[in-house]
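First to last, the protein sequences are chains E and P.
Counting in this note's numbering, the first sequence runs from 377 upward without gaps.
Counting in this note's numbering, the second sequence runs from 377 upward without gaps.
Cβ coordinates follow ideal geometry from the N, Cα and C atoms, glycine included.
So the structure is just underneath, and the comments pick up after that.
Number of protein chains: 2
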Amino acid sequence: MAERLDKHILKNGMVVLGEPMEAVKSVAFGFMLPAGAAQLPDGCCGAGTVIADWIFRGAGNKNNKELSDALDGLGLHRASSVGSSHITIGAVLEAGNLAEAIELYADIILRASLKEDQFELARQLAIDRVRALDDDPRQKVMLKLRKQFYPSPLGRSALGEIAELKTLAAENTKQIIKNKFNLSQTIFAVAGKYDFDSICRQMEDLFVISIKHRETKDEGRGMRDDGRTRSKYLHIGNEGAQVHIGLMTETVKPADEDYYNARVAVSVLSGGMSARLFTEVREKRGLCYAVGAQYHGLKEAAGIACYAGTTPDKAQETLDVIVGEFNRLGDGIGEEEVERAKVGLKSALVLQSESSSSRAAGIGGDYYMLGRVRSLDEIKNKIEATSVESVLGFLRNNRFKDFTVATIGPKEVKVK
Amino acid sequence: MAERLDKHILKNGMVVLGEPMEAVKSVAFGFMLPAGAAQLPDGCCGAGTVIADWIFRGAGNKNNKELSDALDGLGLHRASSVGSSHITIGAVLEAGNLAEAIELYADIILRASLKEDQFELARQLAIDRVRALDDDPRQKVMLKLRKQFYPSPLGRSALGEIAELKTLAAENTKQIIKNKFNLSQTIFAVAGKYDFDSICRQMEDLFVISIKHRETKDEGRGMRDDGRTRSKYLHIGNEGAQVHIGLMTETVKPADEDYYNARVAVSVLSGGMSARLFTEVREKRGLCYAVGAQYHGLKEAAGIACYAGTTPDKAQETLDVIVGEFNRLGDGIGEEEVERAKVGLKSALVLQSESSSSRAAGIGGDYYMLGRVRSLDEIKNKIEATSVESVLGFLRNNRFKDFTVATIGPKEVKVK
Numbered sequence: 377m378a379e380r381l382d383k384h385i386l387k388n389g390m391v392v393l394g395e396p397m398e399a400v401k402s403v404a405f406g407f408m409l410p411a412g413a414a415q416l417p418d419g420c421c422g423a424g425t426v427i428a429d430w431i432f433r434g435a436g437n438k439n440n441k442e443l444s445d446a447l448d449g450l451g452l453h454r455a456s457s458v459g460s461s462h463i464t465i466g467a468v469l470e471a472g473n474l475a476e477a478i479e480l481y482a483d484i485i486l487r488a489s490l491k492e493d494q495f496e497l498a499r500q501l502a503i504d505r506v507r508a509l510d511d512d513p514r515q516k517v518m519l520k521l522r523k524q525f526y527p528s529p530l531g532r533s534a535l536g537e538i539a540e541l542k543t544l545a546a547e548n549t550k551q552i553i554k555n556k557f558n559l560s561q562t563i564f565a566v567a568g569k570y571d572f573d574s575i576c577r578q579m580e581d582l583f584v585i586s587i588k589h590r591e592t593k594d595e596g597r598g599m600r601d602d603g604r605t606r607s608k609y610l611h612i613g614n615e616g617a618q619v620h621i622g623l624m625t626e627t628v629k630p631a632d633e634d635y636y637n638a639r640v641a642v643s644v645l646s647g648g649m650s651a652r653l654f655t656e657v658r659e660k661r662g663l664c665y666a667v668g669a670q671y672h673g674l675k676e677a678a679g680i681a682c683y684a685g686t687t688p689d690k691a692q693e694t695l696d697v698i699v700g701e702f703n704r705l706g707d708g709i710g711e712e713e714v715e716r717a718k719v720g721l722k723s724a725l726v727l728q729s730e731s732s733s734s735r736a737a738g739i740g741g742d743y744y745m746l747g748r749v750r751s752l753d754e755i756k757n758k759i760e761a762t763s764v765e766s767v768l769g770f771l772r773n774n775r776f777k778d779f780t781v782a783t784i785g786p787k788e789v790k791v792k
Numbered sequence: 377m378a379e380r381l382d383k384h385i386l387k388n389g390m391v392v393l394g395e396p397m398e399a400v401k402s403v404a405f406g407f408m409l410p411a412g413a414a415q416l417p418d419g420c421c422g423a424g425t426v427i428a429d430w431i432f433r434g435a436g437n438k439n440n441k442e443l444s445d446a447l448d449g450l451g452l453h454r455a456s457s458v459g460s461s462h463i464t465i466g467a468v469l470e471a472g473n474l475a476e477a478i479e480l481y482a483d484i485i486l487r488a489s490l491k492e493d494q495f496e497l498a499r500q501l502a503i504d505r506v507r508a509l510d511d512d513p514r515q516k517v518m519l520k521l522r523k524q525f526y527p528s529p530l531g532r533s534a535l536g537e538i539a540e541l542k543t544l545a546a547e548n549t550k551q552i553i554k555n556k557f558n559l560s561q562t563i564f565a566v567a568g569k570y571d572f573d574s575i576c577r578q579m580e581d582l583f584v585i586s587i588k589h590r591e592t593k594d595e596g597r598g599m600r601d602d603g604r605t606r607s608k609y610l611h612i613g614n615e616g617a618q619v620h621i622g623l624m625t626e627t628v629k630p631a632d633e634d635y636y637n638a639r640v641a642v643s644v645l646s647g648g649m650s651a652r653l654f655t656e657v658r659e660k661r662g663l664c665y666a667v668g669a670q671y672h673g674l675k676e677a678a679g680i681a682c683y684a685g686t687t688p689d690k691a692q693e694t695l696d697v698i699v700g701e702f703n704r705l706g707d708g709i710g711e712e713e714v715e716r717a718k719v720g721l722k723s724a725l726v727l728q729s730e731s732s733s734s735r736a737a738g739i740g741g742d743y744y745m746l747g748r749v750r751s752l753d754e755i756k757n758k759i760e761a762t763s764v765e766s767v768l769g770f771l772r773n774n775r776f777k778d779f780t781v782a783t784i785g786p787k788e789v790k791v792k
């Protein structure tokens with residue numbers, strides 16, 4: 377895994393990162409625009425989703441249909457996402473069409489048409505999408521959980537809230553794009569088959585030389601806890617078949633030196649079918665078929681998030697067993713458990729190394745979170761270096777204190 | 377894309393297929409066992425899901441926990457699925473651990489412990505999973521649609537029906553495994569980094585030499601339409617936020633010479649964001665954010681399946697527009713539409729060629745459906761060879777006659 381990192385900073389401050397991959401014919405790219413849900417002005421929650429739709433409805437000299445035709449004509453598979461920190465717009469496609477794709481994306485970022493009638497359609501679809509969450513309680517409970525867990529505005533749902541989407545106006549949203557599409561804070565990441573020099577020349581041309589000075593008035597935005605005491609338990613009642621349980625507890629951030637110990641700890645809990653949660657909740661007790669925990673890291677805060685979906689009569693026991701497993705973790709871990717966790721994490725790394733999309737997202741995310749890109753070898757070595765002692769030491773110094781719990785279903789649970 | 381195909385038939389008739397991939401460190405494999413939902417005895421619907429769980433709960437000299445530990449210890453990412461024709465059990469992992477993984481899977485296939493108490497847990501989880509569909513109307517409507525659309529037993533839900541799962545007994549299920557895990561009808565497919573000679577020696581050893589003659593009494597099973605007239609419309613009422621619409625219409629099977637024309641036609645309808653369904657339903661009319669159609673092929677029958685999720689007040693218009701677009705397709709297609717469809721299909725092919733999991737599934741599926749494996753070049757050339765004329769010719773000879781429709785939600789629609 378001796379991959380190379382290409383890096384260049386444009387004159388406007390925009391960072392261009394690349395990881396070449398041998399023997400692939402595809403290339404994946406993403407523009408990370410600093411306009412994620414937590415970056416938006418208060419009262420505009422959900423604007424990110426509307427923006428990620430609206431900017432594709434015509435750009436440069438192309439109307440909505442012409443732009444879609446041009447993108448599909450390159451055979452590109454779009455991937456847009458709205459996270460806490462960024463709106464990421466990107467795609468994976470055949471390497472030969474990369475330059476044309478970047479040109480279209482420059483139009484989308486710099487010269488989106490932003491027509492009023494298209495805004496209304498994008499806004500209405502965003503509202504429908506939030507409403508549709510009622511039919512997807514699994515996704516909904518995790519969105520509610522993150523909102524409950526993180527200090528505001530970090531936990532905001534990227535999909536937004538209906539009340540705020542209803543009052544969102546085109547003019548207002550246009551201003552957000554102007555303020556937040558800050559090129560000096562934008563990261564461009566590419567992985568797969570490409571020519572870095574020609575990408576850099578093209579990017580400099582499209583994003584520096586050919587545009588006038590773009591004044592962005594971003595007031596910046598950090599975590600600013602609103603001070604309200606967040607309740608540890610949120611329940612949303614419905615007439616559904618299952619109780620959907622989300623549980624989250626604080627842990628170290630991606631830049632922390634204990635990050636890898638945290639990842640191994642989570643894997644011991646939930647890294648595979650031999651891991652503790654699956655074994656205790658599903659295999660031994662048959663409490664539910666879906667249970668799992670994952671590390672969830674933002675730059676400013678991080679947690680371990682767990683989901684389980686179960687029948688109303690088993691919900692309390694399911695939650696109790698899960699909390700028990702979290703608490704029991706610090707009491708002792710077997711050598712083989714840590715070994716399996718490490719093998720699992722390293723094997724996931726090998727699979728990621730073979731996917732251009734995974735690598736583009738990986739190097740972009742690293743640069744934002746850590747200010748630098750880790751090589752896969754570095755990650756592998758850091759995983760290797762963990763041990764039963766290091767993981768237990770980490771757990772001693774970072775006890776799971778509070779659990780934030782959210783449930784959706786016909787029955788509440790008791791959170792101790 | 378000048379890939380090589382490795383092929384060997386074991387003495388017991390089991391087919392071993394391989395596609396080596398340069399420059400990857402992973403390998404993906406799958407055993408396709410002829411015990412899919414449509415292959416099971418009547419009244420045992422759902423047994424496949426129970427079996428795919430049960431056989432992993434201990435095998436050879438390992439109990440449930442020891443087997444899970446061993447699998448996770450190899451860092452393998454399991455992938456099991458139950459389809460209409462097969463139960464496929466497989467994984468993707470680092471290439472160096474392949475031989476050990478195959479040895480464990482041989483135990484799972486040939487020497488699963490099949491303990492009664494573990495059966496009960498697997499059966500109960502399968503029942504819970506069917507119940508959980510009520511909280512996932514999007515998946516549920518497509519399962520109901522396929523059941524409604526295909527002649528019995530092809531459309532059976534692999535998840536099963538609660539009434540049948542409730543009466544399923546361990547002894548009975550054990551007999552199904554004995555009858556249906558027919559090695560002479562089993563296909564093993566591998567893609568990525570591997571040594572084909574050593575795989576073949578190992579497979580011969582594990583599945584032929586080291587086992588006694590396994591007598592399977594499979595009565596065989598084909599499509600046998602039960603003769604009942606399937607209603608064209610099925611509605612399941614609920615109090616949900618959306619109406620989930622599934623629509624399906626007959627088309628040519630994967631082995632048909634018009635298969636590629638059908639695929640291009642579906643892409644013109646729904647191959648990207650410039651395609652007709654997305655443009656007409658979502659972009660122009662804002663009727664719903666999720667709409668799409670896909671080719672769905674079994675060996676014995678095939679259809680084009682469409683999903684849309686929308687609000688109750690827009691459900692009728694959504695269905696009408698979708699049916700309108702299907703019917704309008706034969707009236708004329710633009711040169712550029714076919715061109716974009718072809719580019720999209722070819723680009724998807726490039727991405728598949730870079731994933732060991734996709735390729736293992738691809739070559740196994742081809743062999744079952746067609747009796748041979750298509751090279752990616754062949755597929756590419758066949759896509760290239762389509763044209764406006766060939767697609768319109770296909771549509772003239774294969775008019776969309778009947779639409780089977782299923783809906784879940786608070787409001788019914790009218791099907792003309």
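Cβ distance (whole Å) where residue i is taken to contact residue j below 8 Å
i	j	result
N703 of chain P	F654 of chain P	Incorrect: roughly 18 Å between the Cβ atoms, too far for contact.
A511 of chain E	P513 of chain P	Per the sequence presented here, residue 511 of chain E reads as Asp, with Ala not at that position. About 5 Å; that satisfies the 8 Å criterion.
V657 of chain P	V697 of chain P	5 Å
A638 of chain E	V644 of chain E	With 8 Å as the limit, A638 of chain E and V644 of chain E do not qualify as a contact, their Cβ atoms being about 11 Å apart.
K401 of chain E	K569 of chain E	6 Å
G622 of chain P	M518 of chain P	5 Å
G434 of chain P	I575 of chain P	Rounded, the Cβ-Cβ distance is 25 Å, inconsistent with contact.
Sheet register partners of residue i (DSSP bridge)
i	result
K690 of chain P	Paired residue(s): none; K690 of chain P is not in a bridge.
F407 of chain P	P:I465, P:F564
K556 of chain E	For K556 of chain E, which the question treats as bridged, DSSP gives no partner whatsoever.
K401 of chain E	Beta-bridge pairing links K401 of chain E to no other residue.
V667 of chain P	P:A684
A488 of chain E	E:A435
A678 of chain P	P:G673
Beta-carbon spacing of residue i, residue j below 9 Å
i	j	result
G685 of chain P	A534 of chain P	no
V566 of chain P	A736 of chain P	yes
Y794 of chain E	I465 of chain E	Because chain E spans 377 through 792 in this model, residue 794 of chain E falls outside it and cannot be assessed.
S461 of chain E	Q415 of chain E	yes
V321 of chain P	T562 of chain P	What the structure shows of chain P is the stretch from 377 to 792, and residue 321 of chain P is not part of that stretch, so it cannot be assessed.
I503 of chain E	I552 of chain E	no
D581 of chain P	N773 of chain P	no
S646 of chain E	G668 of chain E	yes
F525 of chain P	T783 of chain P	no
With 16 other Cβ atoms within 10 Å as the buried cut-off, status of residue i
i	result
D418 of chain P	exposed
S489 of chain P	buried
A678 of chain P	buried
A761 of chain P	exposed
S586 of chain E	exposed
H545 of chain E	Checking the displayed sequence, the identity of residue 545 of chain E turns out to be Ala instead of His. The residue is exposed, with fewer than 16 neighbouring Cβ atoms inside 10 Å.
T659 of chain E	Before going on, a small fix: residue 659 of chain E reads as Glu here, not Thr. When all chains shown are included, E659 of chain E counts as buried.
E492 of chain P	exposed
Element boundaries [beta strand (DSSP E), containing residue i]
i	result
R514 of chain E	Note, R514 of chain E: premise wrong, no beta strand (DSSP E); alpha helix (DSSP H) at 513-525.
G412 of chain P	Counting along the chain, G412 of chain P falls outside any beta strand (DSSP E), and DSSP gives it neither H nor E.
R454 of chain E	453-458
V619 of chain P	619-626
Y609 of chain P	609-613
K383 of chain E	382-385
A782 of chain E	780-785
Closer than 8 Å: residue i CB and nearest the ligand FAD heavy atom
i	result
K777 of chain E	Annotation note on the ligand FAD: not contained in the displayed structure, which lists no ligands.
Residue range of the unbroken alpha helix (DSSP H) whose run includes residue i
i	result
D448 of chain E	440-449
E580 of chain P	572-580
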